[in-house]
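One structure below.
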Amino acid sequence: LFPGEPKWKKNILTYRISKYTSSMTSADVDKAIEMALRAWSSAVPLNFVRINSGEADIMISFETGDHGDSYPFDGPRGTLAHAFAPGEGLGGDTHFDNAEKWTMGKNGFNLFTVAAHEFGHALGLAHSTDSSALMYPTYKYQNPYGFRLPKDDVKGIQALYGPRKTFPGKPTVPHTPPHSPSIPDLCDSSSSFDAVTMLGKELLFFKDRIFWRRQVHLMAGIRPSTITSSFPQLMSNVDAAYEVAERGTAYFFKGPHYWITRGFQIQGPPRTIYEFGFPRYVQRIDAAVYLRDTQKTLFFVGDEYYSYDERKRKMEKDYPKNTEEEFSGVNGQIDAAVELNGYIYFFSGPKTYKYDTEKEDVVSVLKSSSWIGC
Amino acid sequence: APSLFAATPRTSRNNYHLLQAYLVKYYTKKGGHQIGEVVARGSNSMVKKIKELQAFFGLRVTGKLDQSTMDVIKRPRCGVPDVANYR
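Listed in order, the protein sequences are those of chains G and V. Sequential numbering of the first sequence, starting at 1, is according to our numbering. Sequential numbering of the second sequence, starting at 1001, is according to our numbering.
Here is the structure:
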């Protein structure tokens, strides 16, 4: 939320598109704006009414360079748009940089995506540090069709306006999406998994709000499910995970916190990763893998890794070390890692490196998505 | 402050100017004397702002202008500052 938590005091808000862009038809602009507003009104008891003349609560325009509000636009790329927090006059107004190429699709900047983000500001939300949130400040395409507000945004907007009632007269219920979260299309994606771990006899693959379970040697029956359905505390975007099978314990990392589980049962509240001995500048773990032979867990952070002695429960000296220097043939940042049949599988973007710890070299490279049957 | 830069001198200068503009735009409260403060090359204030930026984006907090920080700076984004009292 913004400092002082500004919000609208009424629940019917007017909006007006006062200047259009030449890069899209007016009809498409109208549609993108309407859909972006609906993304918010489906979560909170706010209603948006369009007007075509006079002063609306939310004045929407495409502007170029200096446009009189002390926040000049900077031409193509850079700043795409901005919006003002709720209030009189300029409050709620939303400006898009007319120098951008605006589109309804992916070829250029998707207007729905940017407008939905800006309307979050116009309703009282500041930027989020959660990279899966709509209110994260950098551009990431969102499909307008079937779009649902991420959890962090729902939490933020409902903190200001409360949840939307389903029907007049019925009890107030929290906003729940009508369908399960969209499943990331890993078969047609250059992205990798967020985290991979063994859990008992299964391999778990995490991506955004979804995870896949598969038997190690079986490709059949791999089905996605929501993280919240099995690990409600984790909600989404697991950074790293590993299991110490001898203890029957698994560890799930998210930002500076981690959770311990026995099977799918979370044990106790989250703890901080600094208990492992990480320096304070480490704020999240990219990947973790437990090596059964040495009983050590490797934690990957950026282009470096740490080694944690599970027997002594202590971080080893002389770390971090450079990952590419120590693991010959493994290139790029490690997204996830898991040990299987004596090999370490490093997931980096669309590639998985199969690393032989005895040969100390990569012995093959697989497509990351092949793990879930693509 | 040579430790701020790891690239070639020309790229470093360009990156520096980009960083300067970015920090002024998104990591400085408008209308104060802090704009002058933040642009002082190599000053603690600039390092502090870089650290703020890195912490906000979940990067490794070094206070140095490394590649991942430059990547974030070059990414298209919303014009609302991450830290300022934007009203």
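Glycine included, C-beta positions come from ideal geometry on N, C-alpha and C.
query	result
The stretch 76–89 of chain G contacting the stretch 122–138 of chain G, beta-carbon criterion three pairs below 8 Å	yes
Chain G contact for R1075 (chain V) (CB, 7 Å cutoff)	yes
Contact set between R284 (chain G) and chain V, taken where Cβ atoms lie within less than 8 Å	G1058
Extent of the continuous beta strand (DSSP E) run through L203 (chain G)	E202 to K207
Nearest neighbour of C374 (chain G), chosen from G:K359, G:V362, G:K351 and G:K10 [CA to CA]	G:K351
Of the listed residues G:V338, G:E304, G:E316 and G:L340, nearest to N331 (chain G) (C-alpha basis)	G:E304
F276 (chain G) - partner residues in DSSP beta bridges	In the DSSP output, where bridge partners are listed per residue, F276 (chain G) has none listed.
The alpha helix (DSSP H) enclosing R38 (chain G), as first and last residue numbers	S26 to S41
Extent of the continuous beta strand (DSSP E) run through D361 (chain G)	D361 to K367
Same chain only: Cβ atoms within 7 Å of K106 (chain G), ignoring 5 sequence neighbours per side	Y141
For G65 (chain G), the nearest candidate out of G:I58, G:D57, G:M59 and G:D74 (CA to CA)	G:D74
Residue range of the unbroken beta strand (DSSP E) whose run includes L298 (chain G)	K296 to V301
Check whether N11 (chain G) and L37 (chain G) have beta carbons under 7 Å apart	no
Neighbourhood of F109 (chain G) by C-beta distance below 8 Å, restricted to the same chain and skipping five residues each side	L80, E100, K101, W102, T103 and Y139
Span of the alpha helix (DSSP H) around V330 (chain G)	Neither: V330 (chain G) is in no alpha helix (DSSP H) and is coded neither H nor E.
Helix, strand or coil at F48 (chain G) [DSSP, three-state]	strand
Per-residue burial, V362 (chain G) [other beta carbons within 10 Å of its own, 16 or more giving buried]	buried
Contact list for the stretch 58–89 of chain G against chain V, Cβ threshold 8 Å	S70, Y71, F73, R77, G78, T79, L80, A81, H82, A83, F84, A85 and G87
T94 (chain G) at chain V interface by Cβ criterion, 7 Å	no
Within chain V, partners of S131 (chain G) - CB distance below 9 Å	F1057 and G1058
The alpha helix (DSSP H) enclosing M235 (chain G), as first and last residue numbers	No alpha helix (DSSP H) contains M235 (chain G), which DSSP labels as neither H nor E.
Proximity below 7 Å, CB of A245 (chain G) to CB of A336 (chain G)	no
Cutoff 7 Å: Y1082 (chain V) Cβ touching any chain G Cβ	Checking the sequence, you will find Asp at residue 1082 (chain V) rather than Tyr. Closer than 7 Å: yes.
Contacting residues, own chain, Cβ-Cβ under 7 Å from T1011 (chain V) (five flanking each side not counted)	none
Chain G residues whose Cβ lies nearer than 9 Å to that of V1061 (chain V)	R280, Y281, V282 and Q283
Local Cβ density within 10 Å of Q283 (chain G), reported as buried at 16 or more and exposed below that	buried
Burial state of V216 (chain G), where buried means 16 or more other Cβ atoms lie within 10 Å	exposed
Extent of the continuous alpha helix (DSSP H) run through A116 (chain G)	L111 to L123
Three-way DSSP call (helix, strand, coil) for N1014 (chain V) in this model	helix
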